[in-house]
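Residue numbers (this note's numbering): 875 to 1213.
No residue lacks a Cβ here, since even glycine has one placed at the ideal position from N, Cα and C.
Just so you know, these numbers come straight off a predicted model, no measurement behind them.
A quick write-up on the structure given underneath.
Dropping the structure here:
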């Protein structure tokens, strides 16, 4: 779910969002809600309740995980109380770094002190919360200190992502600053060592026992999801679709799709493997067979054999899963399956 504004969210947008939710044609059962994209933390308490009521009237929830994604500089005590009151039970904080030099490089509005304060506030109100960190940001030597500061705050869940310099993004012109593969691997391994008390359950995610992100696990298990709001993505019964990203276009026709693509059977199977191979637990054979009526080797014997020979996949306890090297070189697994 996406909400965008810097000065609060207009009521007209909330009206459109609630209308889109109420008009949704699709499955009724829902396991989680994730408020992401833009700054959902700028919703007022009344607006948050309106949207949650629209969701509860349209979907049947079973002990849902309800997450708000927030920037540290948007976290306030009153806001946190409003989230709790609305039923939010998890917060994901985009901290990125505890070094002001790195934060300036990333163009973040908050500084390290504000990030610390936000973490402490969130921990006061939520037992389930996550902080996001980014490695590969100059100065490289700041990474170890950022990890130490993160650990000192006691987050139950930590996500670490390598900085990418994608074409068309603000970072494209800084591509010359990108760290080499060897340095990136060293920083990744530094995070693994620092977070040894956590379960490294997904390529980029570490959690204490029972603190895994239920919502993200739905993605990694290649389950259906419905997206609401500007530019929101949905994936339902093999169809991947995207709402209009422009606010005016969205307001004119809430829920109208700017893009829509039906995946073929082979594409759905590839997607299922790629997502599961991001997880330490990998792909349970029984799950694949129950969904597709055949063993994974029946569809991907050549690819799976090659990846096993390269040391990127292994067999364990009825599952095919990534090795330690396969975790770091996870993109190689995806390329082999797509190719």
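- Shown here, residue 1196 sits in a strand according to DSSP, grouped into three states.
- Taking C-beta atoms under 8 Å as the contact rule, residue 1007 and residue 1032 qualify, at a distance of about 7 Å.
- Proximity to residue 1110 across 901, 887, 894 and 895 peaks at 901, based on C-alpha coordinates.
- According to DSSP, residue 970 shares a beta bridge with 1007.
- If you draw a straight line from the Cα of residue 1194 to the Cα of residue 1184, it comes to about 14 Å.
- The segment 912 to 929 and the segment 950 to 969 touch, with no fewer than 3 CB-CB distances between them shorter than 8 Å.
- Counted as a single uninterrupted DSSP element, the beta strand (DSSP E) harbouring residue 937 occupies residues 934 to 944.
- Within the DSSP secondary-structure output, residue 1190 pairs in a beta bridge with 1193.
- Scanning its chain for C-beta atoms nearer than 8 Å, with the 5 sequence neighbours on each side dropped, one finds around residue 1137 the residues 1112, 1113, 1114 and 1145, in chain order.
- The segment 980 to 989 and the segment 925 to 944 do not touch, with fewer than three beta-carbon pairs separated by less than 8 Å.
- DSSP lists no bridge partner for residue 949.
- According to DSSP, residue pairing for residue 964 in a beta bridge involves 941.
- In the three-state scheme derived from DSSP, where H, G and I count as helix and E and B as strand, residue 1134 is classed as strand.
- In the DSSP annotation of this structure, the continuous segment of the alpha helix (DSSP H) that includes residue 888 starts and ends at 885 to 896.
- With contacts defined as CB atoms closer than 8 Å, residue 1088 and residue 1099 fail to qualify as a contacting pair.
- For the 8 Å CB-CB criterion, residue 1059 and residue 1072 do not form a contact.
- Annotation for residue 903: 934 place their beta carbon closer than 6 Å to its own, counting only its chain and skipping 5 residues before and after.
- Around the beta carbon of residue 1210, 16 or more other beta carbons sit within 10 angstroms, so the residue counts as buried.
- The beta carbon of residue 1022 sits closer than 8 Å to those of 1068, all from its chain and outside the five residues before and after it, given in chain order.
- By the neighbour-count criterion, in which a residue is buried when 16 or more other Cβ atoms sit within 10 angstroms of its Cβ, residue 928 is buried.
- At a Cβ-Cβ threshold of 8 Å, residue 1167 and residue 1186 do not count as neighbours.
- CA-CA distance, residue 989 to residue 968, rounds to 9 Å.
- Counted as a single uninterrupted DSSP element, the alpha helix (DSSP H) harbouring residue 1020 occupies residues 1016 to 1026.
- Annotation for residue 1171: 1178 place their beta carbon closer than 7 Å to its own, counting only its chain and skipping 5 residues before and after.
- About 10 Å separates the beta carbons of residue 1125 and residue 893, which is beyond the 8 Å limit, so they are not a contact pair.
- DSSP, reduced to helix, strand and coil, places residue 1157 within a strand of the structure shown.
- Between residue 918 and the set 890, 891, 956 and 1085, the nearest pair of CA atoms involves 956.
- In the DSSP assignment, the residues bridged to residue 909 are 942.
- Excluding residues up to 5 positions away in sequence, 967, 969, 993, 1024, 1029 and 1032 lie with their Cβ nearer than 7 Å to the Cβ of residue 1005 in the same chain.
- Ranking 1161, 1165 and 1197 by CA distance to the CA of residue 1154 puts 1197 first.
- In this structure, the CA atom of residue 1056 is about 43 Å from the CA atom of residue 882.
- If you draw a straight line from the Cα of residue 980 to the Cα of residue 965, it is about 21 Å long.
- When only Cα atoms are considered, residue 972 and residue 1034 end up about 13 Å apart.
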